[in-house]
Each structure stands twice: as structure tokens, then as C-alpha cells.
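Numbering (this note's numbering), first residue to last: 21 to 398. Worksheet for the structure shown next.
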Amino acid sequence: MKNQLLLLVVLAFILFSCGEADKSSLAKEDSNEWELVILDSIQVDYLGKIWDANFQDGFGYLKDISSNSLVKFDTLGKVVAQKTYPEEGPFAVYWFSSTVISEKGELYASTYREKIHHFDKDLNLIESFEMPFISESRGGRRNAKNIAFWRDKILLWYPGRDGISPYIPHFYRDYPLLELFDPETQTSDSLIRTPSSSKFSSDFFFDTPTVQFSVSGDLLYFALSNDPVIHIYSLADSGKLLKSIPFEPSEFHMIEGQKEPVGYVSGNTMYEAEVEGLFSFDDSFVVYYSGGIPEDIFLQFELKKPENFPLYPNYRKNYLKIYSPKSGLSNEVILPKSIDFILNIESLEKPFYALRNDEYLGEEQDYLTFYKLQLIQK
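As C-alpha cells, then:
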């Protein structure tokens, strides 16, 4: 009898423990609180001025503008391919705007000229597609994320259709924003416009934004860097706007809208907040953004001076925020100050990589260091 009673107590304890474990597991699945963990770091035996970087399917890709080179490395930091290209002539490789990796592991790069470069897995230049008109962009942001594949076409930020410059008043209000390029016919169609939910649809003027976007399936997730809203479009439905999601940052220092065109302010009297990257998967996304530096701090510490540029991380916080239709917006995840920029986030389950800012740390190395990071649900 005593043995039977003991057995019943043990079974009840096991059932209770399993129930509590299931509740804990369910609570974690439903949680939208996240934290960032540094799992490891890797060293890549290369030095250069990295303008653009990407990571996908176990390999990282770097564009070094000091030598016009591409570097490919693996998750151990081993350089598996490295190529330097001529800047002039029939096989020239031009200044990159942004890069994207195909499912075959081949790299495509938009440029500030008419070319879209196509490289094989070993970084050999296979071909250069030519856009049907000249770009009117005079440059862009380091490591911008504004080229992606959609079906058999390439979606990219490439202003200049009909000779229209993105620097004219109300460009972002009055003109299409992206180009959908067909490599087969080397033709392009304009796509999407700024929705009414954006401040850029108004009659006010703002500092020129950087375009950031990501494609997942038939959905386009789109942001203008100095407007804290993510717009979601259906590419299958001719770029129809589906919804706009303000991502509600705790700080996002911006230049107020003005009735007259805004001169160059960000970097002169303040550092404007901006969306640094946008990463989508399935029906969710991660937005990577900077809160900026307000005018009083910027002027007090003389951050306009080039010698003080390395001090920016002391006064500017960078964040991640996750969105899913089920849970909505997550908490803000603050990034370590020593992160220069994130290469890519492929999914919430996978680790991802970020370039370490050795200049901020005051370390001179003969290699590049990348943090291996992971977002963890609390």
C-alpha cells in the first residue's frame, strides 16, 4: 500500500512538472521580450575600408573600397575567396550601392552607374547588366540595404527615371521610389510610391532620407531612414500598399519639417536618427535603427569635427526591434557600442554577424573582427 501511495505521489509530481514545463514553454513562445547575446567572435585575416557587407548561408561578403576588392569568408573567419577589380575598362567594377546574395550563393551588386554586377561563388565577375537610364544618385549610405530579388527580377533603389533627381523638392512625395529590373530583357519598371502614412507625403520638407527595404516572399518591407514607420507592400499586386507600421522608438531625434527646403543639417548641427537596416522573414521583420544625437549634445561635444567622429557611439544608441503579426512590436534591444554595423539577419533562429568597431575601441589590428550574435526570447 505504501509503495502504491509513493508511486501515485511520484506520478503526480511528474505530471505537475510536465505541466509547468509546458506552461513555461508556451509562455516563452508567446513572449515578445528579446535580448541580444554575443556568442563568439571571429577574426578575418583582412584589412580594408569596408563599405558594404552581407552574410548568407554560412558566408560573409565584404566590399573594400580602398582597393576595389571583394572578400568572401566563412563562419570560422577563413577567407575563401578574394578578388580585386579594375576601375576602368570593359571589366571594370564600380562603386557599390548595395549587395544581395542569390540562392546559388552568387552575389549581385547595384552601383551608382548604370551597371548591376553579377559575380559567381568565387567572386569572378560573370556579367554586368545595364540599366536603361542613368542614375541621378550622387552617393548613398554605407551598407545600405536596398536591393533584393523578387521572383526572377531584381528590385532596387535606382533613382533617375526620366532624368528626375532624388534631390529635387518633394521627390519622395511625387515620384516612384524603386525599379524592378528584368535581367532577361534588361528593362525596368518603376514601382511603389510613398504612402499617405509617411511624413514625406506632406507639403513639408525634410532632410534627404536613405531608402532601406527587404523582400520576403511577395511582401516588400520598406522604410525611409528618417521616418520611424515600416511600410508593407504586395509585390504580387503591383506594389499595392497593405499597411504601415510605426515602430515606436523610445528616441528618434529628427529635423522638424519645414515649409522651405532643408539644407544639410544632419552631421552639421546634429546627427539625425535613422533606420540602419531592415530584415524580413515570413511575415515578420527586424528593424535596426539609430536614435541619433540631439543638437545640444552634438554642439556641446563638437561632434562636427572629424577628429571627434570616433566618439559618436558614446552619444548615439543603436537598437533592434522585432515585429510579428501575432505579438506586435517587441521591446527595444540596445546594441553594444562596439558594433560598427550588422551584416544581415537571416531569421530569428539563426546567429548573425556584425563588424566590430576597432576605431571606437581604440585598438589597431591587422585583421577584421566580427561578433557572432543571437537574439534570444526571454
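Quick reminder that beta carbons are idealized off the backbone N, C-alpha and C, glycines included.
Do residue i and residue j have their C-beta atoms closer together than 7 Å?
{"i": "Gly-166", "j": "Ile-121", "result": "For the record, residue 166 in the displayed sequence is Asn; it is not Gly. No, they are not a contact pair."}
{"i": "Asn-328", "j": "Ser-310", "result": "no"}
{"i": "Phe-361", "j": "Tyr-373", "result": "no"}
{"i": "Phe-272", "j": "Ala-243", "result": "no"}
{"i": "Leu-211", "j": "Leu-143", "result": "no"}
{"i": "Asn-246", "j": "Met-274", "result": "yes"}
{"i": "Val-57", "j": "Gly-97", "result": "no"}
{"i": "Val-113", "j": "His-137", "result": "yes"}
{"i": "Gln-278", "j": "Phe-225", "result": "yes"}
{"i": "Ser-86", "j": "Lys-103", "result": "no"}
{"i": "Leu-240", "j": "Leu-262", "result": "no"}
{"i": "Trp-54", "j": "Leu-363", "result": "no"}
{"i": "Ser-270", "j": "Glu-369", "result": "no"}
{"i": "Leu-59", "j": "Pro-371", "result": "yes"}
{"i": "Gly-78", "j": "Thr-95", "result": "yes"}
{"i": "Asp-72", "j": "Thr-119", "result": "yes"}
{"i": "Phe-267", "j": "Val-306", "result": "no"}
With a threshold of 7 Å on Cβ separation, who are the neighbours of residue i within its own chain once the five nearest residues in sequence on each side are excluded?
{"i": "Pro-203", "result": "Phe-149 and Ile-174"}
{"i": "Ser-45", "result": "In this prediction, Ser-45 has a pLDDT of 43, which is less than 50 and means its spatial position is unreliable; what the coordinates show is noted afterwards. So no residue of the chain qualifies."}
{"i": "Tyr-380", "result": "Pro-330, Pro-333, Lys-357 and Ser-358"}
{"i": "Asp-238", "result": "Ser-254, Leu-255 and Ala-256"}
For the candidate residues the options, whose alpha-carbon lies nearest to that of residue i?
{"i": "Ser-234", "options": "His-137, Trp-170 and Gly-109", "result": "Trp-170"}
{"i": "Ser-350", "options": "Ser-358, Leu-381, Lys-341 and Phe-318", "result": "Lys-341"}
{"i": "Asp-378", "options": "Ile-265, Leu-331 and Tyr-335", "result": "Leu-331"}
{"i": "Ile-365", "options": "Phe-299, Gly-382, Lys-346 and Leu-319", "result": "Phe-299"}
{"i": "Arg-158", "options": "Ser-264, Thr-119, Trp-115 and Asp-194", "result": "Trp-115"}
{"i": "Pro-326", "options": "Val-295, Ile-317, Lys-346 and Gly-287", "result": "Gly-287"}
{"i": "Glu-5", "options": "Glu-322, Gln-76 and Leu-176", "result": "The requested residue 5 does not occur in the structure, where the chain is confined to residues 21 to 398."}
{"i": "Ser-117", "options": "Asp-84, Lys-141 and Asn-163", "result": "Asn-163"}
{"i": "Glu-280", "options": "Ser-208, Pro-196 and Pro-189", "result": "Pro-189"}
Beta-carbon within less than 8 Å of residue i's beta-carbon, same chain only, minus the 5 sequence neighbours each way: which residues are those?
{"i": "Arg-376", "result": "Ser-61, Ser-358, Ile-359, Asp-360, Leu-388, Thr-389, Phe-390 and Tyr-391"}
{"i": "Pro-106", "result": "Asn-88, Ala-112 and Val-113"}
{"i": "Lys-14", "result": "With the chain represented from 21 up to 398, any question about residue 14 goes unanswered, as that position is not in the structure."}
Assuming residue i and residue j form a contact by the criterion Cβ under 8 Å, report the distance between their Cβ atoms to the nearest whole angstrom.
{"i": "Ser-304", "j": "Tyr-343", "result": "6 Å"}
{"i": "Thr-230", "j": "Arg-336", "result": "At roughly 16 Å, the Cβ-Cβ gap does not stay under 8 Å, so Thr-230 and Arg-336 are not in contact."}
{"i": "Val-282", "j": "Asp-223", "result": "Rounded, the Cβ-Cβ distance is 13 Å, inconsistent with contact."}
For residue i, I'd like the list of residues in its chain whose CB is within less than 6 Å of its CB, leaving aside the five on either flank, ordered along the chain.
{"i": "Gly-180", "result": "Phe-153, Ile-154, Ser-155 and Glu-156"}
Just checking, does the stretch 121-139 make contact with the stretch 185-194 on the three C-beta pairs under 8 Å criterion? no
When the Cβ atoms of the stretch 251-264 are set against those of the stretch 209-224, are three or more pairs found closer than 8 Å? yes
Inter-stretch contact (C-beta, 8 Å, three-pair minimum) for the stretch 87-103 and the stretch 152-162: no
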